[in-house]
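Here's the structure, in structure tokens; my notes come after.
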Amino acid sequence: MYSFGDSDDFWWFDWQQLITLFLETNSQINLSSIRDAHGVYHKHILDSLELIKVLPLESGKTLADVGTGWGFPLLPLAIMYPEVQCTGIDARKKKTIAVQSMADDLWLSNVSMLWSRIEDVRQQFDYVTSRAVWYADKIIPWSVSLVKKWGYLILYKQLTPEEDALIFSLAERYKLVLEHLHHYRLEEDDIQRVLYIFKK
54 MYSFGDSDDF
64 WWFDWQQLIT
74 LFLETNSQIN
84 LSSIRDAHGV
94 YHKHILDSLE
104 LIKVLPLESG
114 KTLADVGTGW
124 GFPLLPLAIM
134 YPEVQCTGID
144 ARKKKTIAVQ
154 SMADDLWLSN
164 VSMLWSRIED
174 VRQQFDYVTS
184 RAVWYADKII
194 PWSVSLVKKW
204 GYLILYKQLT
214 PEEDALIFSL
224 AERYKLVLEH
234 LHHYRLEEDD
244 IQRVLYIFKK
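Numbering of the sequence shown is given in my numbering, commencing with residue 54 and proceeding in unit increments.
Here it is in structure tokens:
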């Protein structure tokens, strides 16, 4: 079993099953370039859970992960919040099938997948997450209609001055109010990352 170390904020939860499932699935359909347990835990799981440090999710709410791809932050958040209904949205059918299969193997009854382009989705959610998906000029206009009034749009991004300025310009255009701006690194030598959390 992979040892995560007591220094990690979420070390107390056994993430081995998710990691094993992901690595097995990844070997078959190439979801991610990360192919080792350490990388999956630090680059995918811990990154997904960074949100909890600044915005714990409320029970009974709904969450959509747009462009969910390989299931992050969808699956870690669904594990930590079994009373939040989580929907993964992706236009690539093979990825929605793969993520649903992992969710089923993890007995995550609060996870469902939607094979669709974001712009075609008519549902609304309390939380809408986007992690490393598209540039801001696309993800914000496409995602804002999915957010309920008083809901949250949550962007996981690598920090770049150009996109940072664009994000705030688009937030103003779509009348999104900044609730949290959270800068972090996953490891000492990691790139600078940022969570933009806007309220509608």
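Built from N, CA and C at the ideal position, the CB exists for glycine as well.
- Query: Considering only residues of the same chain and omitting the five flanking positions on each side of S165, which have a CB-CB separation below 6 Å?
  - Reply: T140
- Taking the beta strand (DSSP E) that E232 falls in, what are its first and last residues? V230 to Y237
- Message: What would DSSP say about I72, mapped onto helix, strand or coil?
- Response: helix
- Message: Can you tell me which residues form a DSSP beta bridge with V164?
- Response: C139
- Query: Around the Cβ of P129, are there at least 16 other Cβ atoms within 10 angstroms (buried) or fewer (exposed)?
  - Reply: It counts as buried.
- Where S101 sits in the DSSP three-state scheme: helix
- Item | Short Cβ contact (7 Å threshold) for T149 with W168 | yes
- Exposure label - D243; buried when at least 16 CB within 10 Å: With fewer than 16 other beta carbons inside 10 angstroms of its own, D243 counts as exposed.
- Item | DSSP state of S196 mapped onto helix, strand, coil | helix
- Please classify Q245: does DSSP put it in a helix, a strand, or coil? coil
- Task: Find the nearest neighbour of Y209 within the set Q69, P126 and Q70, judged by alpha-carbon distance.
- Result: P126
- In whole angstroms, what is the alpha-carbon distance linking I82 and F178? Their Cα atoms are separated by approximately 29 Å.
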